[in-house]
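Under the UniProt record's numbering, think of the first position of the sequence shown as 1, with each following residue one higher. Structure, as structure tokens:
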Amino acid sequence: MLSPNEVNYLNSFKREWLEFDQLGLILKYKGRLKEFIESFSINSEFEFEKEVRDGLFIPSSLDIVSYCCDNNNLYPYHYGLTSSPIIGVDGILGIPDMLPKFVFWYSDYALRDSIKFLRENGSVRYDYVD
């Protein structure tokens, strides 16, 4: 669980479509995120990963945020969460000298695609990795 100070720090990166609470990170299907998903016709985590850094994070001044839809690609830095989509904040996933200070994972990865869930339900949570 994130401390109140950590939540306050993380919410300095808050956007209309991104926010943090003590349990983790929440993506909301609105604003720039919705426009990004619709303009690239994104329907899955794999499609999201291809475009998200240049198409959403950097234009939103969030270059400290990184995403990996299948963190097997990050081995040996996969945080023990094999195959789960993860979002790193304040660092870069997979680069040993720049590992994120905060890592969030999509816990329902075995049951449903997080981007599909986001589109259908309006928001999706990524849980904080202690």
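Each residue gets a CB set at the ideal place from its N, CA and C atoms; glycine is no exception.
Residue interval of the beta strand (DSSP E) (run including residue i)
i	result
Ile86	Ile86 to Val89
Val7	That residue, Val7, is in no beta strand (DSSP E); its alpha helix (DSSP H) goes Pro4 to Leu10.
Lys28	Gly24 to Lys28
Cα-Cα separation between residue i and residue j, rounded to whole angstroms
i	j	result
Gly55	Ser3	31 Å
Phe83	Tyr109	The identity of residue 83 in the sequence shown is Ser, whereas the question assumes Phe. If you take the alpha carbons of Ser83 and Tyr109, they lie about 8 Å apart.
Lys14	Ser39	22 Å
Tyr75	Gly94	Legend: pLDDT at Tyr75 = 49, less than 50; position of this residue unreliable, no value from coordinates given.
Arg53	Phe117	20 Å
residue 131	Leu111	Because the chain is modelled from 1 through 130, residue 131 falls outside the range shown and cannot be assessed.
Where the alpha helix (DSSP H) containing residue i begins and where it ends
i	result
Leu33	Gly31 to Ser39
Val129	Run containing Val129: none; DSSP gives neither H nor E here.
Leu118	Ser114 to Asn121
Beta-carbon spacing of residue i, residue j below 7 Å
i	j	result
Asp113	Ser41	no
Asp127	Gly24	yes
Ser58	Asp90	As written in the sequence, residue 58 is Ile, which differs from the Ser given in the question. No.
Where residue i sits in the DSSP three-state scheme
i	result
Lys14	coil
Asp108	coil
Asp63	coil
Answer yes if the region 116-126 comes into contact with the region 94-102, meaning at least three C-beta pairs across the two stretches below 8 Å, and no otherwise. With a cut-off of 8 Å, the region 116-126 and the region 94-102 do not count as touching, because too few Cβ pairs lie within range.
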